[in-house]
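See structure below.
In our numbering, the protein residues as written are 112 to 369.
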């Protein structure tokens with residue numbers, strides 16, 4: 112933000128800070144949910160072995176942060192047990208359950224920051240800094256978002272990458288350029304590498320946004336067909352490359368992994 116919009120950008124910071132603080136204060140107040148140990152164990156596995164054989168139902172990006180603190184502390188993936196059992200064993204390692212849980216959950220906070228940053232940037236572009244400040248405050252006070260931001264799960268990471276993809280898609284549809292294609296490919300790749308729900312929700316975003324933008328700008332200058340082909344191929348190739356790098360193709364079933 113610049114000029115008169117800068118004070119309003121600063122005005123959005125308290126709301127973002129309060130939401131992050133609110134999520135962080137819950138880290139040691141609630142015991143782990145049923146799926147957090149699975150995500151923690153899967154994150155440790157990827158960081159340790161670069162595979163997702165223990166629990167392949169989700170890609171690794173949203174789980175890497177959950178297992179990062181344990182991995183950096185020298186924790187290794189237990190040799191036996193199901194994904195939840197191994198995750199619980201990691202949480203109780205060293206006799207510091209609350210400390211381990213708190214560190215695993217902190218990895219979700221950067222994704223909350225991405226959500227609020229995209230809300231600011233997108234609304235600021237559409238309606239200006241004042242509307243963007245209100246949008247950030249409203250988003251930062253959403254109970255479901257704050258609740259999930261306090262857990263070591265894939266929900267807020269996926270919300271962040273899906274919102275980033277939608278924002279990049281709108282910019283790309285407004286006029287595909289190499290820079291916008293790279294941004295869209297990066298966002299799409301991160302989204303698919305976070306949760307397979309992207310395979311359903313990203314096409315849904317396309318079905319909604321394309322007609323909406325066409326209706327709002329029916330007199331938009333047409334883009335040459337050859338340019339569309341190049342700019343469509345680039346995001347697709349980038350997304351496939353990111354997903355392939357993140358997700359191991361040699362996957363064992365959960366039974367074989369135990």
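For every residue, glycine included, the Cβ atom is placed at its ideal position computed from N, Cα and C.
Between the region 138-149 and the region 255-267, the count of C-beta pairs closer than 8 Å reaches three or more; the two stretches touch. For the pair residue 166 and residue 149, the CB atoms are nearer than the 9 Å cut-off. Taking 8 Å as the upper bound for CB-CB distance, residue 229 and residue 246 are not in contact here, some 10 Å apart.
The alpha-carbon separation between residue 275 and residue 222 amounts to approximately 11 Å.
Residue 156 counts as buried, since no fewer than 16 other beta carbons sit within 10 angstroms of its beta carbon.
Looking at 268, 218, 134, the one whose alpha-carbon comes closest to that of residue 301 is 268. Classified as exposed, residue 289 has fewer than 16 neighbouring CB atoms from the shown chains inside 10 Å of its CB. Spatial neighbours of residue 154 in its own chain (CB-CB distance under 6 Å, excluding positions within 5 residues in sequence) are listed in chain order as 174, 175, 177, 178. Judged by pairs of C-beta atoms under 8 Å, the region 277-288 touches the region 312-324, as three or more such pairs exist.
Spatial neighbours of residue 211 in its own chain (CB-CB distance under 6 Å, excluding positions within 5 residues in sequence) are listed in chain order as 202. Look at residue 164 here: in three-state DSSP terms it is coil, with no helix or strand label. The residue among 258, 164, 180, 295 with its C-alpha nearest the C-alpha of residue 193 is 164.
By the criterion of a C-beta distance shorter than 7 Å, residue 172 is surrounded in its chain by 268, 301, 304, 305, 357, once the five residues flanking it on both sides are discounted.
One Cα belongs to residue 233, the other to residue 285, and the distance between them is close to 13 Å.
Rounded to the nearest whole angstrom, the CA to CA distance from residue 126 to residue 191 is 44 Å.
In its chain, beyond the 5 residues on either side, 279, 282, 283 have a beta carbon closer than 8 Å to the beta carbon of residue 294.
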